[in-house]
Ligand code: SF4
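Residue numbers (our numbering): 342 to 529.
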């Protein structure tokens, strides 16, 4: 059996450092860590995932916390709500230029960016192993994968510029494949 304790200790230390750094960045802007997490998620997710329900599911927080966070972020001018053109009951959460700027600046924290960049080519191996770990944990928790669109089983390349989503039946531009999706389904 693998000795998992040293790895767990490292993950625990990294997540603690991450939480502390995000908390400190939030203080600079009068925001709690959860507010920055909402902003960061909205900067990384696609148009099927930018709703209050998806934010709640992705962050594993209560509907009440999501609702309060959205209200505060709207008041501070980081996001605004836009009605879905087809289903008017659905609101999409859109980052303002101010929200986009803070997403780019705040997360990942500078020390994490530098630490990861300094790994160089070794980061590819780390990515593969962390992806496998994440999948195992999500499988145990029965939680949604929220993976990158381009790794989804419904992602069907069509050309250099476009792909087809076999779930939503939409043709989408290639860059859309780099975003996180609530409907993401692992390829077997
Ligand atoms: S291909 Fe998968 S991840 Fe991409 S938009 Fe469709 S359902 Fe979402």
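Glycine residues also receive a C-beta, built at the ideal position from the N, C-alpha and C atoms.
These numbers come from a predicted model, not from an experiment.
| Check | Outcome |
| --- | --- |
| Within a Cβ cutoff of 7 Å, which residues of the same chain sit near residue 449, ignoring the five residues on either side of it in sequence? | none |
| Within the present structure, is the beta-carbon of residue 487 separated from the nearest heavy atom of the ligand SF4 by less than 7 Å? | no |
| Within its chain, find whatever has a CB closer than 7 Å to the CB of residue 360; leave out the 5 residues flanking it on each side and keep chain order. | 374 |
| Run the Cβ filter for me: residues under 5 Å from any heavy atom of the ligand SF4, listed in the order they occur in the chain. | 490, 493, 495, 496, 506, 508, 522, 524 and 525 |
| Can you grab the Cα-Cα spacing for the pair residue 481 / residue 352, in whole Å? | 18 Å |
| If you draw a straight line from the C-alpha of residue 487 to the C-alpha of residue 513, how long is it? | 18 Å |
| Please state if the CB of residue 434 and the CB of residue 393 are separated by a distance shorter than 8 Å. | yes |
| Assuming contact is defined by CB atoms lying nearer than 8 Å, are residue 380 and residue 444 in contact in what I supplied? | yes |
| Output the distance between the C-alpha atoms of residue 466 and residue 429, rounded to the nearest integer angstrom. | 44 Å |
| Should residue 378 be labelled buried (16 or more other beta-carbon atoms within 10 Å of its own) or exposed? | buried |
| For residue 520, name the three-state secondary structure that DSSP assigns. | coil |
| Given residue 390, which residues of its chain have a CB within under 6 Å of its CB, disregarding the five upstream and five downstream residues? | 522 and 523 |
| Counting C-beta neighbours from all protein chains within 10 Å, is the total for residue 357 16 or more, i.e. buried, or is it exposed? | exposed |
| Should residue 395 be labelled buried (16 or more other beta-carbon atoms within 10 Å of its own) or exposed? | buried |
| Check each candidate in 457, 490, 363 and 500 and name the one with the smallest Cα separation from residue 527. | 490 |
| Could you tell me the alpha carbon to alpha carbon distance between residue 432 and residue 525, rounded to whole angstroms? | 20 Å |
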